[in-house]
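Accompanying notes for the structure given below.
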Amino acid sequence: MKLSGVALAFGAVSIFAVQDAITRHLGPLYSPFFIAMVRFWAFGLFVIILASRAPGGFKAATVTHHPVLQIWRSFLLVAQILISILSFALVGLAQSQAIFMAAPLVVALLSVPLLGERVGWRRWLAIVVGLFGVLVIIDPLGEQFSLAMLVPVGCCFTFALYSLYTRLAGRYDAPEVSLFYTGVVGMVLTSLIGPFFWEDVPLADWGWLVALCFTGISGHYLLIRALAVTEAVTVQTITYMQLVYGSLFGVLVFKEQLNVHMIAGGLTVVGAGAFTIWREHALKKREGASSTEASLAGR
């Protein structure tokens with residue numbers, strides 16, 4: 001693990017936290033379709049520039065063995081971003097982020113029926129504990145519960161599906177191909193719908209939209225650099241800092257309130273999710289060290 005990679009990962013997570021805060025600011029003011037369209041215009045341009053400068057050029061980035069799969073996973077990311085914008089506006093930044101942190105647990109849960117992967121009792125226990133943490137955050141029996149709290153849950157499951165199908169696409173296509181299709185397909189899909197939700201935007205808010213695009217591009221650039229020099233498990237673990245950042249922005253900037261349920265549930269989700277990430281990484285390393293696929297008790 002290189003220190004520079006850790007610094008890059010922290011930088012990426014910090015920038016993504018700022019992006020989420022900007023989204024939280026813009027979400028109540030504009031349609032999620034409009035905001036997502038502007039984001040994907042910038043992201044699509046970013047991946048096109050990357051592809052043009054990469055070895056092999058556009059041909060290497062556009063040739064896929066499973067185009068339908070690439071389009072489907074890109075659609076899922078568009079849906080996840082739309083739901084996240086709605087979630088920040090309806091539920092708030094801090095509570096949404098706390099629930100989003102359960103995504104690795106949902107990935108492990110859905111990897112069994114969708115990818116045929118095996119999950120042993122340790123990870124099953126972590127999944128149950130983590131999902132209980134989500135239930136604590138939502139507090140369905142509490143006075144403040146509303147159906148709007150199911151929006152971040154839907155966002156979490158949508159992102160988990162996107163992650164799983166991205167993992168599946170990785171069996172056939174290079175990461176550069178998946179990145180290219182994510183940006184370009186997302187740009188096309190949002191451009192088909194977004195113009196119908198176009199609004200007159202004051203100059204000051206165009207500044208926020210430009211900042212939103214800049215944080216998205218710079219955050220992805222640092223994330224790519226971090227993954228090039230640091231193990232993915234390290235980067236995944238560092239992403240839990242987004243809960244800290246989200247809580248700080250939520251409380252200090254947007255005057256959101258943290259309660260015992262959010263704090264206790266959030267810590268439970270983070271602990272269970274971090275264990276799930278570590279356990280999966282440890283098993284992959286063990287399998288990589290042997291020539292045969294491991295079949296381990298307690299996996």
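For what it's worth, UniProt numbering labels the leading residue of the sequence shown as 1, then goes sequentially. By construction, the Cβ of each residue, glycine as well, lies at the ideal position given by its N, Cα and C atoms.
My output table needs one value for Ala-148: the three-state DSSP class, helix, strand or coil.
Looking up residue 148 in the sequence shown gives position 148. Correct three-state label for Ala-148: helix.
Between the C-alpha atoms of Arg-118 and Glu-280, what's the straight-line distance to the nearest angstrom?
Within the sequence shown, the letter at position 118 stands for residue 118. Within the sequence shown, the letter at position 280 stands for residue 280. Cα-Cα distance, rounded: 10 Å.
For Gln-80, count the other beta carbons within 10 Å of its own beta carbon; 16 or more makes it buried, fewer makes it exposed. Which is it?
As a first step, residue 80 is located in the sequence shown; it is residue number 80 there, counting from the start. By the 10 Å Cβ count, Gln-80 comes out buried.
Just tell me which of Pro-202, Ala-51, Leu-26 has its CA closest to the CA of Arg-39.
On the sequence shown, position 39 is the one that residue 39 refers to. Residue Leu-26 is the option with its Cα nearest to Arg-39.
Which residue from Gly-273, Val-13, Ser-87, Ala-42 puts its Cα closest to that of Val-151?
Taking the first residue of the sequence shown as 1, we reach residue 151 at position 151. Nearest option by C-alpha distance: Ser-87.
Tell whether a beta-carbon distance below 8 Å holds between Thr-268 and Gly-142.
On the sequence shown, residue 268 is found 268 positions in, with the first residue counted as 1. On the sequence shown, residue 142 is found 142 positions in, with the first residue counted as 1. No, these two residues do not count as a Cβ contact at 8 Å.
According to the neighbour-count rule (16 or more other Cβ atoms, all chains shown, within 10 Å of its Cβ), is Ile-138 buried or exposed?
Along the sequence shown, read from residue 1 onward, the residue named residue 138 stands at position 138. The residue is buried, with at least 16 neighbouring Cβ atoms inside 10 Å.
Does the Cβ-Cβ distance between Leu-77 and Thr-182 come in under 8 Å?
For the purposes of this step, residue 77 is identified with residue 77 of the sequence shown, where counting begins at 1. For the purposes of this step, residue 182 is identified with residue 182 of the sequence shown, where counting begins at 1. For Leu-77 and Thr-182, yes; Cβs fall inside 8 Å.
Should the stretch 113 to 131 be called in touch with the stretch 260 to 278, which here means at least 3 C-beta pairs below 8 Å?
They touch, by the three-pair rule.
Can you tell me where the alpha helix (DSSP H) holding His-220 begins and where it ends?
What you label residue 220 is simply residue 220 of the sequence shown in a count that begins at 1. It spans 203 to 229 - the alpha helix (DSSP H) in which His-220 sits, taken as one unbroken run.
Just curious, the alpha helix (DSSP H) that Arg-53 is in, first and last residue?
Counting from 1 along the sequence shown, the entry for residue 53 is found at position 53. Segment 32 to 53, the alpha helix (DSSP H) holding Arg-53.
Rounded to whole angstroms, what is the Cα-Cα separation between Gly-11 and Pro-113?
Numbered from 1 along the sequence shown, position 11 holds the residue referred to as residue 11. Numbered from 1 along the sequence shown, position 113 holds the residue referred to as residue 113. Taking the straight line joining both Cα atoms gives about 35 Å.
Considering only residues of the same chain and omitting the five flanking positions on each side of Ala-289, which have a CB-CB separation below 8 Å?
Counting from one through the sequence shown, the residue named residue 289 turns up at place 289. Only weak support is given to the placement of Ala-289: the predicted model assigns it a pLDDT of 48, under 50, and the value that follows is read from those uncertain coordinates. Answer for Ala-289: no residue qualifies.
Select from Gly-120, Ala-103, Ala-148, Leu-82 the residue whose C-alpha is nearest the C-alpha of Gly-92.
Translated into the one-based positions of the sequence shown, residue 92 becomes position 92. Nearest option by C-alpha distance: Ala-148.
For Ser-74, count neighbouring C-beta atoms within 10 Å of its own C-beta (all shown protein chains included) and say buried if the count is 16 or more, exposed if not.
Numbered from 1 along the sequence shown, position 74 holds the residue referred to as residue 74. Ser-74 comes out buried.
Alpha carbon to alpha carbon, how far is Leu-90 from Leu-82?
Counting from 1 along the sequence shown, the entry for residue 90 is found at position 90. Counting from 1 along the sequence shown, the entry for residue 82 is found at position 82. Approximately 13 Å, taken between the alpha carbons.
My output table needs one value for Gly-116: the three-state DSSP class, helix, strand or coil.
Within the sequence shown, the letter at position 116 stands for residue 116. Note: Gly-116 maps to coil in three-state DSSP.
Below 8 Å, how does it come out for the stretch 163 to 182 and the stretch 18 to 34: are there three or more Cβ pairs, yes or no?
Taking 8 Å as the limit for Cβ pairs, the verdict is that the stretch 18 to 34 does not touch the stretch 163 to 182.
For the stretch 216 to 223 against the stretch 51 to 62, do three or more pairs of beta-carbon atoms, one drawn from each stretch, fall closer than 8 Å, so that the two count as touching?
No: fewer than three Cβ pairs fall under 8 Å.
Nearest by alpha-carbon distance to Val-47: which of Tyr-221, Ala-204, Val-235, Ile-35 is it?
For the purposes of this step, residue 47 is taken as residue 47 along the sequence shown, with counting starting at 1. Comparing Cα positions, the closest option is Tyr-221.
Compute the distance between the beta-carbons of Met-101 and Gly-271, then report whether it is under 8 Å.
Start at 1 with the first residue of the sequence shown, and residue 101 comes out as number 101. Start at 1 with the first residue of the sequence shown, and residue 271 comes out as number 271. Their beta carbons are not under 8 Å apart, which means Met-101 does not touch Gly-271 by this criterion.
Closest to Gly-57 by CA distance: which of Lys-285, Val-184, Val-177 is it?
For the purposes of this step, residue 57 is identified with residue 57 of the sequence shown, where counting begins at 1. Cα-wise, what sits closest to Gly-57 is Val-177.
By Cβ distance, which residues of its chain are closer than 7 Å to Leu-168, with the 5 residues on each side in sequence left out?
Residue numbering aside, residue 168 sits at position 168 when the sequence shown is read from its first letter. Once the five neighbours on either side are set aside, the close Cβ partners of Leu-168 are Leu-69, Leu-115.
DSSP state of Val-91, grouped into three classes?
Position 91 of the sequence shown, counted from the start, is the residue given in the question as residue 91. Note: Val-91 maps to coil in three-state DSSP.
Compare the beta carbon distance of Gln-242 and Val-13 with 8 Å and say whether it is the shorter of the two.
Start at 1 with the first residue of the sequence shown, and residue 242 comes out as number 242. Start at 1 with the first residue of the sequence shown, and residue 13 comes out as number 13. In contact: Gln-242 and Val-13 (Cβ atoms closer than 8 Å).
Based on Cα-Cα distance, which residue from Gly-5, Met-37, Leu-29, His-65 lies nearest to Ile-193?
As a working note, residue 193 is residue 193 in the sequence shown. If we check each option's Cα against that of Ile-193, Met-37 comes out closest.
Is the beta carbon of Arg-225 less than 8 Å from the beta carbon of Leu-8?
Taking the sequence shown and counting its residues from 1, the one referred to as residue 225 is at position 225. Taking the sequence shown and counting its residues from 1, the one referred to as residue 8 is at position 8. Yes. Within cutoff.
Whole alpha helix (DSSP H) runs in the stretch 258 to 291 with 4 or more residues, listed along the chain?
Runs of the alpha helix (DSSP H) inside the stretch 258 to 291: 260 to 289.
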